[in-house]
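This report refers to the structure that appears directly beneath it.
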Amino acid sequence: MSNTTQANPNAEEANENEQTTVVGETSEELKSEWVDYQFEGDPKFTVEDLNVWYGDDHALHDISMDIPEKSVTALIGPSGCGKSTFLRCLNRMNDRIKAANVDGSVKLDGREIYQDGVDLVELRKRVGQVFQSPNPFPKSIRKNISYGPRKHGDLNTGLLARLTGRDDGEKEEALVERSLKQAALWDEVKDRLDDNAIGLSGGQQQRLCIARALATDPEVILMDEPASALDPVATSKIEDLIVELSEDYTVVVVTHNMQQAARISDQTAVFLTGGYLVEYDDTDKIFENPESQRVEDYITGKFG
Ligand SMILES: Nc1ncnc2c1ncn2[C@@H]1O[C@H](COP(=O)(O)OP(=O)(O)OP(=O)(O)O)[C@@H](O)[C@H]1O
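Each residue of the sequence shown is one higher than the last, beginning at 4 in our numbering.
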């Protein structure tokens with residue numbers, strides 16, 4: 004059929020231009036090379052042809068990328084380019100947004116998460132999330148940690164459990180201690196576990212939220228601007244923690260702070276305006292020698 008020619012009479016000329024483009028953004032072929040990040044080890048996530056719409060607004064376009072396990076992947080890019088939308092696709096949090104429509108494939112350990120029959124509670128247990136502003140429950144520090152495992156039926160505590168002799172009090176103590184230690188908060192709160200979490204500083208609250216996410220034994224932790232509401236000292240603690248956690252967990256972090264991405268991540272994906280993934284590579288490569296001119300302009304602060 005000659006439909007293509009009719010629809011785009013300049014197609015031949017365009018093709019010629021593409022072939023002569025060296026570092027141009029018009030070459031789809033080059034673009035896909037820039038996002039074809041090769042790494043050793045297994046992918047935790049395999050994302051293929053992912054598109055997201057909010058009503059008529061096409062927020063993410065044909066995103067394909069593998070995310071390696073037990074490492075830190077940073078998602079960077081200007082405001083509104085779709086970083087949070089992408090992050091929410093990894094544990095299907097977009098399902099909660101009525102206007103959101105997701106098309107494409109996201110596999111976790113090789114198994115499709117966008118298919119009928121996926122247990123979303125189980126998925127979100129495996130893929131935990133920490134948000135931009137610390138949001139502890141207005142409960143004791145201890146209860147913030149034990150809430151998730153209790154909800155998932157992994158911990159029996161409370162009056163009924165005590166009355167029926169199935170109280171997991173000791174297990175709870177161990178879990179609270181382990182999670183708070185993992186989140187580098189134990190030493191600061193061990194003597195006040197029954198105090199309300201709202202009384203903690205912002206940085207402590209955010210580490211408590213990380214401890215809360217860890218308490219349900221996730222494999223992946225998604226973080227959306229986890230330090231943007233914190234002062235430099237608290238930010239530095241969160242950054243150290245992220246690097247430490249990546250020894251055992253797969254961490255995917257959205258950040259506006261490019262120095263932070265450079266400091267903490269192993270690989271960086273750069274999204275640009277309109278919801279396109281433009282380049283994805285080792286963090287050193289992205290920050291020292293990116294392929295895309297637009298990525299270089301963004302990183303050097305020429306726009307965004
Ligand atoms: N719940 C929603 N309903 C409608 N549109 C949305 C919703 N969430 C995001 N969008 C739109 O989708 C696009 C991508 O937004 P998203 O929040 O994913 O970008 P972002 O890169 O994370 O931005 P920021 O860095 O400012 O947080 C934007 O145009 C935004 O307005």
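The beta-carbon is built from N, C-alpha and C at its ideal position, and this holds for glycine as well.
These figures come from a predicted structure and were not determined experimentally.
Ligand 1 heavy atom lying under 8 Å from the CB of Asp60: yes
Near ligand 1: Ser136 beta-carbon under 8 Å from a heavy atom: Here the distance from the Cβ of Ser136 to the nearest heavy atom of ligand 1 is not below 8 Å.
Host beta strand (DSSP E) of Asn54 (start-end): Where Asn54 is concerned, the enclosing beta strand (DSSP E) starts and stops at Pro46 to Tyr57.
Any non-hydrogen atom of ligand 3 closer than 8 Å to Ile100 Cβ: Inclusion of ligand 3 in the displayed structure is not the case, the ligand content consisting of ligand 1 alone.
Reduced DSSP category for Ser30 - H, G, I as helix; E, B as strand; rest coil: Confidence at Ser30 is low in this model, with a pLDDT of 47, below 50, so its placement is unreliable and the value that follows should be read with caution. Ser30: coil per DSSP, three-state reduction.
Arg326 versus Pro221 - alpha carbon distance: A question about residue 326 goes unanswered here, because the residues of the chain that appear run from 4 up to 307.
Residues sharing a beta bridge with Ser143, DSSP: Asn199
Inter-residue CB distance, Ser268 and Thr76 (contact presumed, cutoff 8 Å): 6 Å
Heavy atom of ligand 1 within 8 Å of Glu282 beta-carbon: Outside the cutoff, so no.
Contact test: Asp259 Cβ vs ligand 1 heavy atom, cutoff 8 Å: Position check: residue 259 holds His in this sequence, whereas Asp was assumed. Yes, since a heavy atom of ligand 1 falls inside the 8 Å radius drawn around the Cβ of His259.
Nearest to Asp45 (by Cα), restricted to the options Asp112, Lys86 and Val38: Asp112
Val254 in three-state terms, based on DSSP: It is a strand residue.
Coil, strand or helix - Ile100 by DSSP: coil
Cβ pair count under 8 Å reaching 3, the stretch 184-191 against the stretch 96-105: Under the 8 Å Cβ criterion, the stretch 184-191 does not count as touching the stretch 96-105, having fewer than three qualifying pairs.
Limits of the beta strand (DSSP E) - the one that Glu282 falls within: Tyr279 to Asp285
From Val105, Asp122, Ser67 and Pro293, residue whose alpha carbon lies closest to that of Asp39: It is Ser67.
Backbone secondary structure at Glu176 - three-state DSSP: helix
Arg215, buried or exposed, once every other Cβ within 10 Å from all chains shown has been counted against 16: buried
Three CB pairs or more closer than 8 Å across the stretch 133-150 and the stretch 196-216: yes
Val124 burial status per 10 Å Cβ neighbour count (16 or more: buried): The residue is exposed, with fewer than 16 neighbouring Cβ atoms inside 10 Å.
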